[in-house]
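Accompanying notes for the structure given below.
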Amino acid sequence: MTAKTPLAAIVGPTATGKTAISLQVAARLRAEIISVDSAQVYRYMDIGTAKLPPAARVGPDGVSIPHHLIDLIDPDEPFSVADFQKLARNIITSIHSRGRLPLLVGGTGLYYQAVVDPYLFTTMPGDKMIRQRLEELARNRGNDYLHEQLKRVDPVAAERIHVHDRRRLVRALEVYALTGQPISAAIAWRQQQKTPYRLAAVALTMPRPLLYRRIEARVDAMLEQGLIQEVRSLLQRYDYRLPALQAVGYKEIGAYVRGEMELQEAIELLKRNTRRLAKRQLTWFRRDQRLRWWQVEPGKIEEIAAEIANYIARELILM
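Mapping of the sequence shown onto my numbering: residues 12 to 330, in sequence order.
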């Protein structure tokens, strides 16, 4: 029997301290970090994604920690969960071959599960005319209408796709219109396969009032760092309707830059949508019974990182 590859993970909602903790854990375990963030794969989207600058990707001892799957593509290039899965699994193999530990870090639940679980992605057809018709329906009747249509033909996909995720709603209905089959049938959920990894996974959380205060402070910091200028620069080069620019932070500030709302309104909307994102992330990760949850106290990052590193080492028998 082939031994499974050891794989560690630190996941959880935005603003829970994943970055700071993961750097310390990686330094203790000789790990390389693989970003599990659907927005950090894009170049030029730095401030709004809280992307760690290369110079800051170091452990507490000042030694550089390799980071992977950041700045892969431009915002107008197509990129799918299947693309991410393939790249991440290849990188895991490469890291392991160097005698180091791969450490997944991030908050995009679908990307995380596509790596650690036996998801099988098949090529799905597309049709521009059908897609345009569905997008027109969404503009005229709203995302709620598309979501209700998807519930009728593919309740599994409707459960997983948020009502505000117009791109994925359109895609799911497009596939059904072309094939007569639900898009969820194109993904094998743990069927006839087993994960190739020996997993030690941790999820971070904190009391909701504290998390929401940290989210608001993070948004304020992003604005001070130049988020508006970053979004303005992106909109000078790219269509604001691109999926990449519908990410939280870029969508709201983009509306301000285009003159569709006042700045304060955009900021409040951004804070609200980030809070809602955190709630969705918590809901997603709480479904995974393999995760060991850690309550984060901001003043005890070093202590918490040591506990998590010890837990991962014990689970993977690294010590």
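Where is the CB? At the ideal position from N, CA and C, for every residue including glycine.
Which class does leucine 302 belong to by DSSP, given the choice of helix, strand or coil? coil
What does a CB cutoff of less than 8 Å around valine 22 pick up in its chain, not counting 5 residues either side in sequence? Lys29, Val47, Leu115, Val116, Gly117, Gly118, Gly120, Tyr123, Ala212, Val213, Ala214, Leu215, Phe296 and Leu302
Cβ neighbour criterion (16 or more within 10 Å) applied to methionine 12: Residue placement at methionine 12 is poorly supported in this model, since its pLDDT is 46, which falls under 50; the coordinates still yield a value, given next. With fewer than 16 Cβ atoms within 10 Å of its Cβ, methionine 12 is classed as exposed.
To the nearest angstrom, how far is it from the Cα of alanine 99 to the Cα of glycine 270? 39 Å
Below 8 Å on the Cβ atoms is my guess for valine 174 versus proline 193; work out the distance and round it to an integer in Å. At roughly 18 Å, the Cβ-Cβ gap does not stay under 8 Å, so valine 174 and proline 193 are not in contact.
Label proline 64 either buried or exposed according to how many other C-beta atoms from any shown protein chain fall within 10 Å of its C-beta, with 16 as the threshold for buried. exposed
Got a sec: does the ligand HEM put a non-hydrogen atom nearer than 7 Å to the Cβ of arginine 298? What this structure holds is no ligand at all, so the ligand HEM is not there to describe.
Name the residue from Leu281, Arg209, Glu241 and Lys311 whose alpha carbon lies nearest to the alpha carbon of proline 17. Arg209
In or out: glutamine 247 buried (at least 16 other Cβ within 10 Å) or exposed? exposed
With distances taken Cα to Cα, identify the nearest neighbour of aspartate 94 among Thr104, Leu80, Ile106 and Ser105. Leu80
Taking the alpha carbon of arginine 325 as the reference point, which residue from Glu88, Ala19 and Ala14 has its own alpha carbon closest? Ala19
Could you tell me whether the Cβ atoms of isoleucine 76 and leucine 34 are closer together than 8 Å? yes
Chain-order list of residues whose beta-carbon lies under 8 Å from that of isoleucine 226 (same chain, five-residue window excluded): Thr25, Ala26, Lys282, Thr285, Arg286 and Ala289
Are there 16 or more other CB atoms within 10 angstroms of the CB of isoleucine 319, so buried, or fewer, so exposed? buried
May I ask you to report which of helix, strand or coil DSSP gives arginine 209? strand
By the 10 Å Cβ neighbour count, where 16 or more other Cβ atoms means buried, how is glutamate 263 classified, buried or exposed? buried
Give the range of the alpha helix (DSSP H) segment to which proline 166 is assigned. 166 to 171
May I ask you to list the residues that DSSP assigns as paired with isoleucine 346? The question about residue 346 has no answer here: the residues shown for the chain are numbered 12 through 330.
What does the Cβ neighbour count give for leucine 274, buried or exposed, with the cut at 16 atoms within 10 Å? exposed
Which residues in the same chain have their Cβ closer than 7 Å to the Cβ of glycine 265, if we skip the five residues on either side of it in sequence? Val242, Leu246, Tyr251 and Leu256
Alpha carbons only, please: which of Arg144, Pro71, Pro86 and Arg152 is nearest the one belonging to alanine 38? Pro71
Are the beta-carbon atoms belonging to tyrosine 53 and proline 89 less than 8 Å from one another? no
Neighbourhood of arginine 149 by C-beta, 8 Å cutoff - its chain only, sequence neighbours within 5 removed: Position check: residue 149 holds alanine in this sequence, whereas arginine was assumed. Taken in chain order, the residues that qualify are Tyr156, Leu157, Arg177, Leu180 and Val181.
If we require 3 or more residues per run, which beta strand (DSSP E) segments fall completely within the segment 223 to 309? 303 to 306
Alpha-carbon to alpha-carbon, aspartate 138 and valine 186: 9 Å
Assuming contact is defined by CB atoms lying nearer than 8 Å, are alanine 61 and arginine 229 in contact in what I supplied? yes
Range of the contiguous beta strand (DSSP E) that encloses leucine 18: 16 to 22
Enclosing alpha helix (DSSP H) for phenylalanine 90 [first to last residue]: Premise fails: phenylalanine 90 is in no alpha helix (DSSP H) and is neither H nor E.
Residues bridged to isoleucine 84 by DSSP? Tyr53
Nearest candidate by alpha-carbon position, reference glutamine 51, set Leu280, Asp231, Val259 and Pro309: Val259
How would you label glutamine 96, buried or exposed, when you count the other beta carbons within 10 angstroms and need 16 or more for buried? buried
Give the DSSP-derived three-state secondary structure of glutamine 203 in the structure shown. Bear in mind that the predicted position of glutamine 203 carries a pLDDT of just 43, short of 50, making it too unreliable to give a figure here.
Buried or exposed for alanine 66, going by 16 or more other Cβ atoms inside 10 Å? exposed
Just how far apart, CA to CA, sit alanine 125 and proline 166? 20 Å
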